[in-house]
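J.:
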Amino acid sequence: MSEELPIILIKDVDYTYPNRTVALKHINLNIYKGELVGIMGMNGAGKTTLIRTLNGLIRPLKGNVYIDGENIKSKNIGTASKKVGIIFQNPYHQVFSNTVEEEIKFSLKSLNLSKEEIQNRTNEVLNRFNLKKYKERSPLNLSGGETKKLALASIFCRDPEILVFDEPTLGQDAKEIDFFVNLINKEKDRGKTIIIVTHNIEFAIEYIPRTILMVDGRIVADGITSAVLTNEFLVNTSSLILPQILQLNIALNEMGIQCPEDINSKSEMIHFLTNYLKNKSTKV
C-alpha cells in the first residue's frame, strides 16, 4: 500500500474559524483508495471541520489537501463534490427541493448528463433507497429515516469515488443500521473509499478496520480500530467511553475469570463465555 499514491493526502493543515476557534492543528493524513476509515473524538475535536476540507467547503489557512493527486485549492466546491460526496449528520440541511424526485435530479444537474441519463439515474437511486413511492412527496413530509435515505440518495446518484458520512448511525434503529452496513459493504466491494465520522464506539470496532482519533484539532492516534479503541489512555484522553465488551472483559478478570485480551466483539465474548460455562459445568 505504501507504494501507491493516497487518494486523500492532507499535509500540515491548520484551520481557525472567524471567531478565532482553532479547529485543526498540523493535520497530516493519508487515506488510500478502497479504505474504510473511521474518525472519532469528542464534540469540538475537529472531525466535521476535517471532512469539510475534503470537498472545499472549508479552505485550510495553512497546508494542502490533495484528492486523487489534485490540490483542492484549485477546485470549486461543485467540481470537488464530483469526487467527494459528504452526507452530513442533519439530513434536513441537505434537502431543499419541492419533491423527492426533484431533489435527486437537482443533485445530478452539475454532471452534464443527458435528460435520459438523469432520469435513469433518478429511477435507479429511488428504487435502491426504497423512495420511489415518495417521489412526488415533499421532503418536508418524510419521516426522519426517510429524509436520511433521501440525503444518501442525493449523493449516491452522483457516484463519487469518496463517500464521507457524518454520524450515520445517530438516531437510527437496528434495521436502519443494518441497511447502512449493507450499503457501505456494497460500495467498498466496488472499490469506493469510505470515511465515517462517529461516536458509536461499538459500531466502529465491529465494522471499521482503521480509526483516526482526534483531540482538540489534532490527530492523536491512527491505526487498527480494535487497538486504538481498547487503549484506555487514548480513550480517556479523547473523552470517549471504553467499549462495553472491554468493560465486561475487565470486570470478568477482576472476578478471577481470565478473559483473553483480544476479544472485541459480542460474538467473540458469547463464544468465550459459552465455552467457559461448559467447561465449568463439566468439572462440577
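In this text, residue positions in the sequence shown follow my numbering: the first is 32, and each later residue adds one. Every residue gets a Cβ at the ideal spot worked out from N, C-alpha and C, and that includes glycine. Note that the structure is a prediction, hence the values are computed from the model and not measured.
(1) Short of 8 angstroms in beta carbon distance, which residues of its chain neighbour K15, apart from the five on each side in sequence? Order them along the chain.
(2) In whole angstroms, give me the CA-to-CA distance for T110 and K64.
(3) Using the three-state DSSP reduction, which class does R249 fall into: helix, strand or coil?
(4) Please name the residue in L194, L273, N310 whose C-alpha comes closest to that of V115.
(5) Return the chain-ordered list of same chain residues with a C-beta closer than 7 angstroms to the C-beta of F160, the five sequence neighbours on each side being excluded.
(6) When you compare each of R168, V44, I186 to V2 by their alpha carbons, which one comes out closest?
(7) Count the other CB atoms, across all protein chains shown, that sit within 10 Å of the CB of E132; report buried if there are 16 or more and exposed otherwise.
(8) Decide yes or no for the touch test of the segment 71–78 against the segment 227–243: beta carbon pairs closer than 8 angstroms, at least 3 of them.
(9) Look at the alpha carbon of P37 and the alpha carbon of Y97, and state the distance between them as a whole number of angstroms.
(10) Taking the beta strand (DSSP E) that F196 falls in, what are its first and last residues?
(11) Which one of E66, I236, F211, I62 has the shortest CA to CA distance from I118?
(12) Could you say which of Y46, L92, I58 lies nearest to I250 if we only look at CA atoms?
(13) To the nearest angstrom, how far is it from the Cα of E237 to the Cα of N121?
(14) Which residues in the same chain have their Cβ closer than 7 angstroms to the Cβ of Y48, if we skip the five residues on either side of it in sequence?
(15) State the start and end residues of the unbroken beta strand (DSSP E) segment that holds L67.
(16) What do you get for Q278, buried or exposed, if any count of 16 or more other CB atoms within 10 angstroms of its CB means buried?
(17) By the three-class DSSP mapping on this structure, what secondary structure does A54 have?
(18) Quick one: what does DSSP say D209 is sitting in, helix, strand or coil?
(19) May I ask you to report which of helix, strand or coil DSSP gives Y319?
(20) DSSP has K42 in a bridge; who is on the other side?
(21) Within 10 angstroms of its Cβ, does T52 collect 16 or more other Cβ (buried), or is it exposed?
(22) So the alpha helix (DSSP H) T79 belongs to, where does it begin and stop?
(23) Measure the C-alpha to C-alpha separation of I239 and N154 and round it to an integer number of angstroms.
(24) Does the distance from the C-beta atom of E198 to that of H230 stay below 8 angstroms?
(25) Taking 8 angstroms as the cut-off, decide whether the C-beta atoms of D43 and K93 are in contact.
(26) For T256, I'd like the list of residues in its chain whose CB is within less than 7 angstroms of its CB, leaving aside the five on either flank, ordered along the chain.
(27) Which stretch, first to last residue, makes up the alpha helix (DSSP H) that contains V131?
(28) With DSSP run on the structure shown, which of helix, strand or coil describes V115?
(29) For E134, count the other beta carbons within 10 Å of its own beta carbon; 16 or more makes it buried, fewer makes it exposed. Which is it?
(30) Taking 8 angstroms as the cut-off, decide whether the C-beta atoms of I294 and N284 are in contact.
T.: Judging by the given coordinates:
(1) Residue 15 cannot be examined here, being either before or after the span of the chain that is shown, 32 to 315.
(2) Numbered from 1 along the sequence shown, position 79 holds the residue referred to as residue 110. Numbered from 1 along the sequence shown, position 33 holds the residue referred to as residue 64. Approximately 19 angstroms, taken between the alpha carbons.
(3) One-based indexing of the sequence shown puts residue 249 at position 218. Strand, per DSSP.
(4) As a working mapping, residue 115 is identified with position 84 in the sequence shown. Of the listed residues, the one whose Cα sits closest to V115 is L194.
(5) Position 129 of the sequence shown, counting from 1, holds the residue named residue 160. K180, L183, A184, listed in sequence order.
(6) No answer is possible for residue 2: it lies beyond the span of the chain, which begins at 32 and ends at 315.
(7) For the purposes of this step, residue 132 is taken as the residue at position 101 of the sequence shown. Buried is the call here.
(8) In this structure the segment 71–78 touches the segment 227–243; the number of beta carbon pairs closer than 8 angstroms is three or more.
(9) By 1-based counting over the sequence shown, the position of residue 37 is 6. By 1-based counting over the sequence shown, the position of residue 97 is 66. Rounded to whole angstroms, P37 to Y97 spans 9 angstroms at the Cα level.
(10) The residue given as residue 196 occupies position 165 in the sequence shown. Here the beta strand (DSSP E) through F196 covers 193–197.
(11) Residue mapping note: residue 118 aligns to position 87 of the sequence shown, counting from 1. Here the closest residue by C-alpha is F211.
(12) Taking the sequence shown and counting its residues from 1, the one referred to as residue 250 is at position 219. The residue among Y46, L92, I58 with its C-alpha nearest the C-alpha of I250 is I58.
(13) Reading the sequence shown from its first residue, position 206 is the one you call residue 237. Reading the sequence shown from its first residue, position 90 is the one you call residue 121. C-alpha separation (whole angstroms): 24 angstroms.
(14) Counting from one through the sequence shown, the residue named residue 48 turns up at place 17. These residues qualify, in order along the chain: A54.
(15) Indexing the sequence shown from 1 puts residue 67 at position 36. Looking at the DSSP string, the run of the beta strand (DSSP E) that includes L67 is 67–71.
(16) The residue labelled residue 278 in the question sits at position 247 within the sequence shown. Exposed, because fewer than 16 other Cβ atoms sit within 10 Å of the Cβ of Q278.
(17) On the sequence shown, residue 54 is found 23 positions in, with the first residue counted as 1. Here DSSP, grouped into helix, strand and coil, assigns A54 to strand.
(18) Locating residue 209 in the sequence shown gives position 178, where the first residue counts as 1. Note: D209 maps to helix in three-state DSSP.
(19) The chain is shown from 32 up to 315; residue 319 falls before or after that span and cannot be answered.
(20) Along the sequence shown, read from residue 1 onward, the residue named residue 42 stands at position 11. DSSP, once it has assigned bridges, lists N95 as partnering K42.
(21) Position 21 of the sequence shown, counted from the first residue, corresponds to residue 52. For T52, the number of other beta carbons within 10 angstroms of its own is below 16, and it is reported as exposed.
(22) Taking the first residue of the sequence shown as position 1, residue 79 is located at position 48. Unbroken alpha helix (DSSP H) run through T79: 78–83.
(23) Reading the sequence shown from its first residue, position 208 is the one you call residue 239. Reading the sequence shown from its first residue, position 123 is the one you call residue 154. Straight-line Cα distance between these residues: approximately 31 angstroms.
(24) Mapped onto the sequence shown, residue 198 falls at position 167. Mapped onto the sequence shown, residue 230 falls at position 199. Their beta carbons are under 8 angstroms apart, which means E198 touches H230 by this criterion.
(25) Working through the sequence shown from its first residue, we reach residue 43 at position 12. Working through the sequence shown from its first residue, we reach residue 93 at position 62. Contact: yes.
(26) Locating residue 256 in the sequence shown gives position 225, counting from the first residue. If we look at T256 and ignore the five residues flanking it on each side, its Cβ neighbours are G69, A235, I236, I239, P240, R241, T242.
(27) The residue labelled residue 131 in the question sits at position 100 within the sequence shown. Segment 131–139, the alpha helix (DSSP H) holding V131.
(28) Position 84 of the sequence shown, counted from the first residue, corresponds to residue 115. DSSP places V115 in strand when its eight states are reduced to three.
(29) Locating residue 134 in the sequence shown gives position 103, counting from the first residue. With 16 or more other Cβ atoms within 10 Å, it is buried.
(30) The sequence position of residue 294 within the sequence shown is 263, counting from 1. The sequence position of residue 284 within the sequence shown is 253, counting from 1. No, the pair does not count as a contact, with Cβ atoms beyond the cut-off.
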